[in-house]
Amino acid sequence: MLKDLKELKDKAQEEVKTANSSRELERISKEYLGKKGELTQILHSLKDLPKTSRAEVGKETNEIIEFLKTEIEKKLSEMEEVDKKEEEQKEWIDVSAPAPKPNLGHLHPLTILKRKIENIFNTMGFTIVEGREVENEWYNFDALNIPKNHPARDAWDTSWLKDGNLLLRTHTSPVQIHYMEEHQPPLRIVVPGKVFRHEATDASHDFQFYQIEGLMVDKEISAANFKAVIEEFFRQFFDKPVKVRLRPGFFPFVEPGFEIDMSCMVCGGKGCSTCQKTGWIEMMGAGMVHPNVLKAAGLNPKNWQGFAFGMGLDRLVMMKYKINDIRLFHGNDLRFLKQF
Amino acid sequence: MIFSYNFLQSFFKEKLPQPQKLADLLIRYSFEVEKMEKRGNDWLLDIDVLSNRAADCFSYLGIARECAAITGIKLTIKKYNLVEDKTIKIKDLITVEVEDKKICSRYTAKVIKGIKVKPSPKWLQQRLESCGLRPINNIVDAANYIMLETGQPLHTFDLDKIESIAVRQAVKGEKIVSLDNEKYDLDESILIIADKENPLAIAGIKGGKSAEINSETKTIILEAANFDYQSIRAASRKLKLKTDASLRFEHGLDPNLTEFALKRLAGLLQEIAGGKAAKGMIDLYPQKTLPKRIKLDLSYTQKLIGIDITVKEIIKILKSLEFKVISQNQNKELLVEVPTYRLDVSLPEDLIEEIGRLYGYENIEAVLPTTVLIPPKRNEELFWENNIKDILKEAGFSEAYNYSFNSAEQLRNFQFPLAKRPEVKNPMSAEQKYLTPSLIPNLLKNIEKNLDYFNEIKIFELGKTFSKTAAAVAEKKMLTAVISQKGSKPELFYELKGIADLLLNNLGITDVWYDEHQPTPEESKSNIWHSRKCAEIKIGNKEIGFLGEISPVFLDILKIKAKVAVFDLDFQALKEAALEECEYRPISRFPATIRDIAILVPKTAKIIDVLNKINIAGGELVRDVDVFDVYEGISETKKNLAFHIVYQADDRTLTAKEVDQIQNNIITALEKTPEWEVRK
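The structure is reproduced here in structure tokens:
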């Protein structure tokens, strides 16, 4: 009997080994392990065996059943793997075909670079402050050492409101005064914001545009300090070392006043059409805060000194992204906005 | 202002640097040179004189002084040898009266008899032409030439045509015909030079025809005066007349300059037109301008520029600019006398600027500030602004920047009463007349334009809106988002509501709800919004914004051929309600059970009411309720709502019995409402 069992096991094992479809394996399973399967039959007929061999045969049979089950399962998963691999080989995609993109929106280029600038100054300890867009004459002009009827006022073409001696701020500088009225130095702020000029528009001028203003006031803040801060800013903003040049400039709210040039990004200072062959690009106005401005804000110029600067955000963005018309910023054409 | 290189060179015996090099030096130490142009054997430099230096540098002498200070080359001013005839006394020839000494702080005049009017010598004509002036005759040309040289405007009259001179305000109704035959109506705001009765010239701006120099002229009176800059500025604006003279006067001039220029003119005229100069000079100068003296603290100078400059260097720079050092106090302080022509220098800081720029800004070494380490304060408003923009961007919205203005037509369309709008006094165009009360009008304009190229548009803007208050103008930041879709997409309202919910939830605002809008009769809102598809967005009882579709009728007015939905949120309210904190809730280890409920309700029943009932009756074991189907096709009056209800506990697996019990409670609660019928 045991010998028969051994033969049966070998036979079944061989059948499993050579089987080449899952259906065949099913048949083998049924033939040996099914209700009427050979091994099942043996288990059923155990009761007819002599007591002495009954246990041994029973044990052996069960072992073979387990063995066979494992073998069939193994074979099945092997075959499945082969099937899947074959299936895989039948598939193909064109990796060069365009894929659907999730629909993200776009921030305005002015927002993108405004944030970048704010972050750079933030890391240098400058707090970001905003201010009113409708101002009065005192904050926009007088407090900034630009007296009424003074020719200096001509530099700011102003949009006035009909009521109450109000105007649309022509620069972000009024925020300097508001902030110094409310905060004691030492102070460091940057002021981004919308400003307005009463002038005709063309590709490089708009009547509404954006400025970023900076102010640092402390006991001993010098022009040398300004130079270092602004060089660091340009280095980080353009992500490469740039040269900064201070030239004499005149803005009533600073003394000394500077015009700030930066070595041309396009030619590296050798001279090209972008910098009109000078190697330099005019970037901002700056200077040491005028004592009259400190006074107007309620600070004693004997105790405090500092620097201030202001630049056109639009110009900077135009330069960075090579945008040739400032009016695109307010056109809100999605064909423009979606490029950022 | 255009300057001829050769003309500048005439102030120096030594050779100036080459034109290109000189321009470079001027840019670094004085003024921007905008353009250079070769003209024959000369170069023309277009120098952008800073406006506070107009008083001394709208002149060759001023620029030559700058060149001298920068290069160290000595300035030499040509002298004219004026011979006066002692027998002719100027007082016998003319009397001058100045009405307002504040507006005309100095009036100087000289007389030359027996001059010969003829064309100017060639060199003079050439110099004028290189500066863009047309030669006329030797008298007029000489006056123009000395103006270019010194910056002092000068005028000449034919003395035989004048009885006396008065400097006075014009009277309304007075008229003058100018040298170029233009007629001007005068009034009290305009200062004139007048004869006994008639205007001879518009003071500081332009001469008149009546006392014009012509070929017959024998005796001339030369005028050099100082007029108040504000008065000239106002008159020049009023008459819309800008001249070389008015340009110089309206920036202010040194009264001491008149005498210097007048004598040079007399000298030059004698050289090129002959004649005998009367002895003396009319000089009405009651309040003499004296040089200012400024105390300069040396350590402050070093501290403000941030350089270690020596006293010796400072003194050298000041002297190169013809400033005088009166006294010196132990290397601590200088007393400096400023030439009167330097109107721009009156404070120590002004002196420091002079020292700094001639020391060379490029020689200042950059030094990072050493200061107390105070971390910057976070700008809360900007923080939330950035947050909001990022969320909307991720949700597929692009950011718009619009002008802050509307036209009257736009506002009328949107039914914003014009009287309440802050209005620009001097708008550049009709589009810029009113400050905008809402971001919606311009955003809808953006939609209209973009629909030419896109079928689906999602844009937003975060910016200020304006309204009149009793005392001033109030500014209010708003967040406005718009979606538009061509074709018939089901309910844009819900799509945008989903975005609003997403945004508010991301800002940590959870207690938001949408209240049906009850329009008041006078409200303009109801006209732009789709009356059946709009809602007030509320946090608790406070309205923070509005959400709705734009009415189809209004879309026609705006020529928008697609559906549009808008939400308009008060940014300040959002910022106040927003929460940065976020708390983790442990994920239950026990499985959830999901049961569905379908309920038949009247069409006007609100889903939020059904949801509330389910949540209240279900209690805390109901983790979540989802609407998964709304079917309106059942009947005219009813609709079917279907919900998934998720049951879950944190501490055990719920038994079927427990869940059945709660589900039954929910059903009972729902059916208490008449006309609500749970389908089993």
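Protein sequences appear in the order of chains F and G. Under this note's numbering, think of the first position of the first sequence as 257, with each following residue one higher. Under this note's numbering, think of the first position of the second sequence as -19, with each following residue one higher. Think of the CB as a built atom: it goes at the ideal place given N, C-alpha and C, for glycine as much as any other residue. Just so we're clear, the structure is a prediction, and the values are computed from it rather than from any experiment.
Return the chain-ordered list of same chain residues with a C-beta closer than 6 Å to the C-beta of residue i, the five sequence neighbours on each side being excluded.
i	result
SER504 of chain G	Low per-residue confidence applies at SER504 of chain G: pLDDT is 49, beneath 50, and the placement is therefore not dependable, though the value from the model is reported in the following sentence. Counting only Cβ-Cβ distances below 6 Å, and skipping sequence neighbours, we find GLN395.
LEU483 of chain G	ILE371
LYS81 of chain G	PRO266
GLU270 of chain F	none
Within a Cβ cutoff of 8 Å, which residues of the same chain sit near residue i, ignoring the five residues on either side of it in sequence?
i	result
ARG491 of chain F	PRO497, VAL498
PRO654 of chain G	none
LYS331 of chain F	VAL272, LYS273, ALA275, LEU281
GLU168 of chain G	GLN149, ALA150, VAL151, LYS152
ILE587 of chain G	VAL607, VAL610, LEU621
Taking the alpha carbon of residue i as the reference point, which residue from the options has its own alpha carbon closest?
i	options	result
ASP581 of chain F	F:PHE465, F:VAL545, F:PRO512, F:ASP474	F:PHE465
GLN641 of chain G	G:ARG632, G:TYR627, G:PRO654, G:ASP631	G:TYR627
GLY232 of chain G	G:LEU601, G:ASP576, G:ALA35	G:ALA35
ARG501 of chain F	F:GLY290, F:VAL510, F:ARG583, F:ALA479	F:ALA479
LEU219 of chain G	G:GLU239, G:PRO266, G:LYS155	G:LYS155
ASN422 of chain G	G:GLU143, G:LEU391, G:GLU192, G:ARG213	G:LEU391
ILE212 of chain G	F:LEU424, F:ILE468, F:PRO407	F:PRO407
ILE420 of chain G	G:GLY153, G:PHE434, G:LYS58, G:LYS444	G:LYS444
ASP26 of chain G	G:MET(-19), G:GLN210, G:LEU415	G:MET(-19)
GLU678 of chain G	G:LYS102, G:GLN0, G:ILE172, G:ASP165	Since the displayed chain G opens at -19 and closes at 660, residue 678 of chain G lies outside it and no answer follows.
GLU196 of chain G	G:LEU113, G:LEU242, G:THR238, G:LYS98	G:LYS98
ALA49 of chain G	G:LEU559, G:LEU301, G:GLY131	G:LEU301
ILE321 of chain F	F:LYS346, F:GLY290, F:LYS340, F:GLU343	F:GLY290
GLY488 of chain G	G:LEU554, G:LEU30, G:ALA225	G:LEU554
What residues are listed by DSSP as bridge partners for residue i?
i	result
LEU584 of chain F	Paired residues: none, contrary to the question.
SER464 of chain G	G:ILE437, G:VAL544
SER460 of chain F	For SER460 of chain F, which the question treats as bridged, DSSP gives no partner whatsoever.
LEU25 of chain G	G:PHE(-17), G:MET16
GLU313 of chain G	G:ASP277, G:ASN309
ALA205 of chain G	G:TYR87
SER158 of chain G	G:GLY188
Kindly list the residues whose CB is nearer than 7 Å to the CB of residue i, restricted to its own chain and excluding five residues on each side of it in sequence; keep chain order.
i	result
LEU(-12) of chain G	LEU(-4), TYR40, ILE43, ALA44, CYS47
VAL347 of chain G	GLY286
GLY525 of chain G	ILE517, PHE547, ASP548, LEU549, ASP550
CYS520 of chain F	CYS528, THR530, CYS531, GLY535, TRP536, ILE537
VAL318 of chain G	PRO271, LYS272, ILE274, PHE303, VAL325
ALA542 of chain G	LEU431, SER464, GLN465, LYS466
ARG322 of chain G	ASP36
HIS362 of chain F	LEU593, LYS594, PHE596
ARG86 of chain G	ALA205, ASN206, PRO235, THR238, LEU264, TYR265
Residue i touches chain F at which residues, Cβ-Cβ below 7 Å?
i	result
GLU345 of chain G	ALA480
LEU424 of chain G	Under the 7 Å cutoff, chain F gives no residues; its nearest Cβ is about 11 Å from LEU424 of chain G.
ILE420 of chain G	Correct list: empty, because the minimum Cβ distance to chain F is about 14 Å.
TYR383 of chain G	GLN464, HIS586
Who are the neighbours of residue i on chain G, taking C-beta pairs under 9 Å?
i	result
HIS362 of chain F	LYS373, PHE377, SER378, GLU379
PHE382 of chain F	PRO356
SER415 of chain F	VAL404, LYS405, ASN406, PRO407, MET408, GLN412
LYS594 of chain F	SER378
Applying a beta-carbon distance threshold of less than 8 Å, which residues of chain G neighbour residue i?
i	result
ASP458 of chain F	What ASP458 of chain F touches in chain G: nothing, since even the nearest Cβ is about 12 Å away.
PHE397 of chain F	Within chain G, no residue comes near PHE397 of chain F; the closest Cβ sits about 15 Å away, beyond 8 Å.
PRO442 of chain F	THR351, VAL352, ILE354
HIS546 of chain F	GLU329
Applying a beta-carbon distance threshold of less than 8 Å, which residues of chain F neighbour residue i?
i	result
ILE437 of chain G	LEU590
GLY336 of chain G	ALA479, PRO512
GLU12 of chain G	ARG503, GLU515
Chain G contacts made by the segment 476 to 504 of chain F, where a contact means CB separation under 9 Å:
GLU476, ILE477, SER478, ALA479, ALA480, ASN481, PHE482, LYS483, ALA484, VAL485, ILE486, GLU487, GLU488, VAL500, ARG501, LEU502, ARG503, PRO504
When you check each C-beta in the segment 292 to 321 of chain F against every C-beta of chain G, which residues fall closer than 9 Å?
none
Residues of the segment 283 to 299 of chain G with Cβ closer than 9 Å to any Cβ of chain F, in chain order:
Hits within the stretch, in order: LYS283, LEU284, ILE285, GLY286, ILE287.
Mind checking the segment 26 to 50 of chain G against chain F and listing, in chain order, the residues whose C-beta falls within less than 7 Å of any C-beta there?
LEU30, SER31, ASN32
Of the residues that make up the segment 416 to 432 of chain F, which ones have a beta carbon closer than 8 Å to any beta carbon in chain G?
Close to chain G, meaning a Cβ-Cβ distance shorter than 8 Å, are the following residues of the segment 416 to 432 of chain F: TRP416, LEU417, LYS418, ASP419, GLY420, LEU422, LEU424.
Note down, in chain order, all residues in the segment 182 to 215 of chain G with a beta-carbon under 9 Å from any beta-carbon belonging to chain F.
TYR209, GLN210, ARG213, ALA214
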